[in-house]
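Offset between the sequence shown (1-based) and this note's numbering: plus 246. Note that CB positions come from ideal geometry on N, CA and C, so glycine has one too. Quick notes on the structure that follows.
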Amino acid sequence: MSRITVTQLKYLKAVAESGGFLKAAERINVSQPALTRQIQALENECQTRLLRRTTRGVLATEEGQTLLDAAQSVFDSLDYAQNVAKSFARKTLRIQSVSTPKLAEYVRLCRDKLDGVDIDVSIATYDRVLASLACGECDVGFLTMPEEETGFECMEMCRYPFCAYVPPDHDWAQRKVISITELAGQQIITSPRIRRSRQVFDDYLQEFGVQVGGLRELGSVETIWHLAREGMGIGVLSCTGAVTVENLARLEFSENITIPLHFVALRKHSRSRLVNAAVAIGEKYLQRGQELEIVADPVILPS
């Protein structure tokens, strides 16, 4: 009994994407007759035409496209397997992170304990870090994980507080602490919904039953501060410390309004020996579940 092979699926994909047999054969470096034989064998197995010739070239039939769609997970798995195979010989540890002091601490640990390993570090938003982990473009990451995500091994490192910012002439400027419930009816200036920190903040608003007067979304921390300084609304950001911003007062929340930071990697069976060693360093030496105190020299989280 014949079976559909990965090679046949790859050849079908190449022809459909290239628009012709000759271009596809050149692209995947096989002879055109060999390519044609594999496509014919695949069509015989499926008992239907999978490709059709048109004035625009060779295109997938409806059945052919359905088969390619069904095989996409196979192609994704192959790409991931290739990344894993390359990682066996790679001596570079790739780290992606939202902006956090924990990153510098972790990089120092890895440099001390992983001899002969280069370390590639990049800063990104949480969704980019998550996507890079999923597709194998990075090995470990620091980010705030959505609760519904599976397929990853993650450990909570610490929690960052949310802070509010108002100009000196605001009624709250002389206060140190406010309640999140006092944001009801207020114009809030904060990060876009795509940011994980914003999603966590929205969850807190819902949890405490707070209906704000309006939400202005901005991707730049400096612009949020500028508009808050101009009295356009109350700035709300997650941060690691007591941000001293000219002509702005920082306010803490009386409630436990925090955002977690996770140390994340793929599950052990999907990792190389190098990544396993890097994960072990994070698990052993990084402090877990710590709520960071308000200190100087802060970092605003772009997560």
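Start-to-end residues for the beta strand (DSSP E) that takes in residue i
i: LEU389; result: 386-389
i: LEU461; result: 460-463
i: ALA511; result: 504-512
i: VAL367; result: 364-369
Cβ neighbour criterion (16 or more within 10 Å) applied to residue i
i: ALA260; result: buried
i: GLN342; result: buried
i: VAL423; result: exposed
i: LYS348; result: buried
i: GLU529; result: exposed
i: ALA306; result: buried
i: PRO392; result: exposed
i: THR390; result: buried
i: ARG517; result: buried
i: ALA419; result: exposed
i: LEU258; result: buried
i: THR469; result: exposed
i: THR346; result: buried
Spatial distance of residue i from residue j (CA atoms)
i: GLY387; j: GLY455; result: 33 Å
i: CYS404; j: SER319; result: 35 Å
i: GLN278; j: VAL252; result: 18 Å
i: SER443; j: LEU314; result: 37 Å
i: LEU355; j: LYS269; result: 50 Å
i: VAL491; j: TRP471; result: 8 Å
i: ASN290; j: ILE274; result: 22 Å
i: ARG513; j: ASP449; result: 28 Å
i: SER264; j: ARG299; result: 13 Å
i: TYR531; j: LEU520; result: 17 Å
i: VAL367; j: ALA350; result: 10 Å
i: SER484; j: GLN328; result: 38 Å
i: ARG340; j: HIS515; result: 18 Å
i: ILE435; j: GLY479; result: 6 Å
i: ASP364; j: ASP358; result: 12 Å
i: PHE447; j: THR312; result: 41 Å
i: LEU255; j: SER323; result: 13 Å
i: CYS381; j: ASN493; result: 44 Å
i: THR427; j: PHE321; result: 50 Å
i: ARG249; j: LEU379; result: 33 Å
i: GLY465; j: ARG439; result: 10 Å
CB contact flag (residue i, residue j, <8 Å)
i: SER437; j: GLU463; result: yes
i: ASP385; j: ALA524; result: yes
i: LEU497; j: TYR406; result: no
i: ARG283; j: THR371; result: no
i: VAL412; j: ALA474; result: yes
i: PHE408; j: THR504; result: yes
i: ALA271; j: LEU297; result: no
i: GLU399; j: ALA511; result: yes
i: GLU309; j: CYS292; result: yes
i: ALA410; j: GLY481; result: yes
i: PHE509; j: SER425; result: no
i: ALA430; j: VAL458; result: yes
i: VAL344; j: VAL375; result: yes
CB contact below 8 Å: residue i versus chain B
i: ARG302; result: Absent here is chain B; the protein component of the structure consists of one chain.
Unbroken alpha helix (DSSP H) run spanning residue i, endpoints
i: ILE527; result: 519-531
i: ASP358; result: 347-359
i: VAL375; result: 372-381
What runs of the alpha helix (DSSP H), each 4 residues or longer, lie entirely inside the segment 468-502?
-> none
Which runs of the alpha helix (DSSP H) spanning at least 4 residues fall entirely within the segment 255-341, listed in chain order?
-> 267-274, 278-292 and 308-335
Counting only runs that start and end within the segment 401-449, where is the beta strand (DSSP E) found for 3 or more residues in a row?
-> 433-436
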